[in-house]
Amino acid sequence: MRTPIIAGNWKMNKTASEARAFFSEFIKLIKDVKDIEIIIAPPFTALSAANDAVKDTIIKISVQDMFWEEKGAFTGEVSPIMIKDAGCSHCIIGHSERRQYFGDTDEAVNKKIKAALKFGLVPIFCIGENLKEREAHKTMKVIETQLQGGLTGLSENDMDKIILAYEPVWAIGTGKTATPAQAQEVHKFIRDYIRKKSGDKIADGMRILYGGSVTPENINGLMAEDDIDGALVGGASLKPDSFAGIARFA
Ligand code: PEP
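Counted the way this note's numbering counts, the sequence shown spans residues 130 to 379.
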């Protein structure tokens with residue numbers, strides 16, 4: 130049995146005081162939620178407020194990105210050691226906005242995944258095709274290339290710790306969700322890829338999240354699919370009631 134994960138990515142939204150206000154509302158709304166993992170990724174400047182707010186709850190705090198080096202002359206970057214020290218447990222890596230606007234390549238993503246694992250952070254490794262690639266029927270090829278690049282050189286022990294997130298770029302922030310069947314088709318392809326690479330035990334245990342305009346209204350249909358183990362949520366994670374509505378999926 131795979132424990133479902135509902136993760137929120139706040140992107141470049143919320144100050145520390147806005148984060149505190151969110152959690153004081155959200156924690157009340159999910160206090161009876163059990164048997165799932167809830168993760169929220171605030172911006173770096175709100176991590177301390179977020180970590181204070183979620184003490185004694187089931188909520189874990191993630192970052193949205195990190196650099197792979199431990200320390201040094203890398204102006205503007207944040208290292209895995211600093212993230213651990215700030216009390217975080219997870220790190221989103223390879224989000225399509227990082228790939229699109231900040232030039233994160235598969236090679237950089239691979240270095241970040243390895244660095245996260247080395248310092249005991251759980252990577253939430255994002256992959257997904259854009260609209261042009263989907264329309265050209267290249268979805269599976271793109272997914273395979275991203276999986277190959279991101280997972281190069283990882284041991285079975287490493288693979289066992291990773292969370293995957295399939296996020297079709299055309300569905301992110303557009304209000305256009307993949308249908309449950311479209312998402313399931315790619316999730317199955319991903320699990321089969323992991324099965325070939327790392328065997329049944331790792332593949333059957335791997336949590337594969339769907340991301341792309343997830344809402345309280347469409348979460349149940351997505352979660353009913355065999356290979357969808359949770360959601361990575363952008364816009365709808367910014368409001369306590371909508372994110373709680375997703376976390377409380379039936
Ligand atoms: C995301 O950015 O990871 C995302 C899925 O965003 P949204 O839910 O807003 O589409």
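Glycine residues also receive a C-beta, built at the ideal position from the N, C-alpha and C atoms. Note that the coordinates shown come from a computational prediction; the quantities given were computed from them, not determined experimentally.
Bridge pairing for Ala136: Ile168, Leu361 [DSSP]. Around the beta-carbon of Ala202, fewer than 16 other beta-carbon atoms lie within 10 Å, marking it exposed.
Ranking Ala310, Arg324, Gly374, Ala373 by CA distance to the CA of Ile357 puts Ala310 first. Ala136 is the residue among Ile291, Met130, Ala136 whose C-alpha sits nearest the C-alpha of Ile348.
Within the region 274–325, the complete alpha helix (DSSP H) segments at least 4 residues long are 285–288, listed from N- to C-terminus.
Placement of the Cβ of Asn142 at a distance of 8 Å or more from every heavy atom of the ligand PEP is found. No residue range can be given for Leu250, since it is assigned to no alpha helix (DSSP H) and is classified by DSSP as neither H nor E.
In this structure, Gly302 places its C-beta atom within 9 Å of the C-beta atom of Gly363. Taking a C-beta distance under 9 Å as the contact criterion, Ile134 and Ala353 do not qualify as a contact pair. Relative to the ligand PEP, Asn138 has its C-beta within less than 8 Å of a heavy atom.
CA-CA distance, Gln193 to Ile169, rounds to 9 Å. At least one heavy atom of the ligand PEP lies less than 8 Å from the C-beta of Glu226.
Linking Ile188 to Cys217 through their CA atoms gives a straight-line distance of about 11 Å.
Taking non-hydrogen atoms of the ligand PEP into account, the C-beta of Gly364 is found less than 8 Å away from one of them.
Using a Cβ distance threshold of 9 Å, Asn138 and Ser366 count as a contacting pair. Taken from the Cβ of Ser191, every heavy atom of the ligand PEP lies 8 Å or farther away. The ligand PEP has a heavy atom closer than 8 Å to the beta-carbon of Glu296.
In this structure, the alpha-carbon of Glu258 lies about 33 Å from that of Lys163. Per DSSP, the unbroken alpha helix (DSSP H) holding Ser153 starts and ends at 145–158. By the beta-carbon neighbour count (other beta carbons within 10 angstroms, threshold 16), Phe254 is buried.
Residue burial is scored here from C-beta neighbours: His266 has fewer than 16 other C-beta atoms within 10 angstroms and is therefore classed as exposed.
Ile187 carries a coil assignment under DSSP once its states are collapsed to helix, strand and coil. DSSP lists Ser191, Val251 as the bridge partner or partners of His219.
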